[in-house]
Amino acid sequence: MIMKSDFDKSTLIKVINKLSLRMVELTDDTGEFSFRAKNGRLIDNKSFRYWEWTAGVGLYGLWRYYSLTREQRILHSIEEWFSDQFSSNEQVEKNINTMAPVLTLAFLYEETGDKKYLPYLENWGDWIYHELPRVGGAFQHVTLGDSHPGEIWDDTLMMSVLALAKIGVLLNDKSYVEEAKKQALLHIYYLQDKATGYWYHGWSFNERSNLSSVFWGRGNSWATIALPELVAVLGLGPSDSFYQVVQLSFENQVRSLLEVQSPTGMWHTVLDDDASYEESSATAGIAYGLLLGIHMRLLDRHYHAAALRAVHGLIGEITDTGDLNQVSIGTPLGKNKESYMNIRLSTMPYGQAMAILALTEYLREFY
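Taking my numbering, the leading residue of the sequence shown gets 2, the next gets one more, and so forth.
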């Protein structure tokens, strides 16, 4: 394990590199994490090499690290990933989760100006704006193998809404920008608990309920990440009314998150149940959101100590080989606490990436 006492800039860089190297080599040799899409495409959800949300979050972790350090090998790795995907003869099934890599693609286009990326951005933007099913005006959480009729999930903010917003900004398409803002507001309305500020995993328009009263850790972390990211992508300032609503929602959540942080610095997979296991991807996402919010001045420095406790907790869960322990595998919308507490743990690309995001955002303070 990485020793917390060796916590400095050079150690952070070494740990981030270990996490990223391990992330890109992950694969499923057992077939447990593999499945076939409707079009017959085989997908290994544990691998970084497939166009799915797991790799999409991974790419964004690498992108944020590149944007800070300007390490060309990271940029080349991202470019190579997309080059491999675009040279494949396999067609990607468009849905909420498969849009996740498009966020990094949009940043890559902005960075390089390479016109070969533009048709992909235009196509994905057109699809999500015109074709993705809505329910109650909100994006239905359509995924590979399940259209989840009548359901919206908090994952959607990270997987699709950020990408739509970024495409809207790059293409100067106000309709895309306004749709992204609308989706954020609808998800806040239906999924954020007014009493606690925590987020429910989903809402069913068919059941007219959140299906359970569970506050899932990683689901909450998607909101902790996506809300400040959305403000940043849209380039909004404090005088903007959307900024003000998002800031209020964001602070209502993180204020309560501090109340359930474990003494180890971690958060539990069921936030308000200490009997549930401590979960690393949730901790990483929350730590990243806290630090990003502070650096953007959406949050004051009051939250910094909690963010650092979380970073220290994460460091303790990273092995010498770069595996992030205590990461729950893909989690469907559950109906009770047990359905979340029984999700098993495994090293996953998104866990690696969320730790990279958190450590990179902390690394920013050393520059």
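For every residue, glycine included, the Cβ atom is placed at its ideal position computed from N, Cα and C.
In this chain, the beta strand (DSSP E) harbouring D45 covers 43–45. Of I295, W268, R345, A283, the smallest CA-CA separation from G352 is found for A283. The alpha-carbon separation between V16 and E230 amounts to approximately 24 Å. T270 sits close to S329, with the two beta carbons spaced by under 7 Å. Counting C-beta pairs closer than 8 Å gives three or more between the stretch 354–367 and the stretch 55–63, which meets the contact rule. In the DSSP assignment, R65 falls outside any beta strand (DSSP E) and within the unbroken alpha helix (DSSP H) covering 54–70. Taking every protein chain shown into account, the CB of K116 has fewer than 16 other CB atoms within 10 angstroms, so this residue is exposed.
Distances from the alpha-carbon of M100 to those of L133, V232, L187 put L133 closest.
Of all alpha-carbon atoms in Q327, G323, N207, the one lying nearest the alpha-carbon of T12 is that of G323.
Distances from the CA of R23 to each of N96, A139, I319 were compared; the closest alpha carbon is that of I319. Contact between W200 and Q254 is confirmed by a C-beta separation of about 7 Å, below the 8 Å threshold. By the Cβ rule, the stretch 140–157 does not count as touching the stretch 104–118, because fewer than three pairs are nearer than 8 Å. A Cβ-Cβ distance of about 13 Å is found for the pair L27 and S35, leaving them out of contact under the 8 Å criterion. Here Q327 is near E280, since their CB atoms are less than 7 Å apart.
The DSSP-derived three-state label of V136 is strand.
When only Cα atoms are considered, L69 and K183 end up about 30 Å apart.
Of all C-beta pairs linking the stretch 343–350 to the stretch 218–228, fewer than three are shorter than 8 Å, placing the two stretches out of contact. E53 and P239 have their alpha carbons spaced roughly 35 Å apart. A164 sits away from V234, with the two beta carbons spaced by 7 Å or more.
Residue pairing for W82: DSSP places it in no beta bridge.
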